[in-house]
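Residue numbers (the working numbering): 2 to 87.
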Amino acid sequence: MSSFEEQEIALFRQRIVRLEEQVERLYKRLGFNMDENGSPDDDPRVIEALKKGQAIEAIKIYREITGLGLAEAKSAVEKIWARIKL
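Okay, here's the thing in structure tokens:
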């Protein structure tokens, strides 16, 4: 690998670190929890449905993501709703 390619890779790695930091700051500002695996609690489709007042749609999406039953998904979505204070 050439010196130029190594420099490019190092620059890309630095940029990735900066972008990850920016995303983490945005998540914190919006009150979301961020983990490496991603969380259904932070799924933008669930959040958007709640913002539109579509709780049933949010529960449906949450169930699709997690495979949980109706009662568990409803409880989880209610907790998300309370956390983001809509």
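Beta carbons: idealized from backbone N, C-alpha and C, even for Gly.
- In the three-state DSSP reduction, L69 falls in the coil class, being neither helix nor strand.
- When only Cα atoms are considered, Q23 and F5 end up about 27 Å apart.
- Of the other Cβ atoms in all chains shown, fewer than 16 fall within 10 Å of the Cβ of A72; this residue is therefore exposed.
- Taking a C-beta distance under 7 Å as the contact criterion, A83 and I60 do not qualify as a contact pair.
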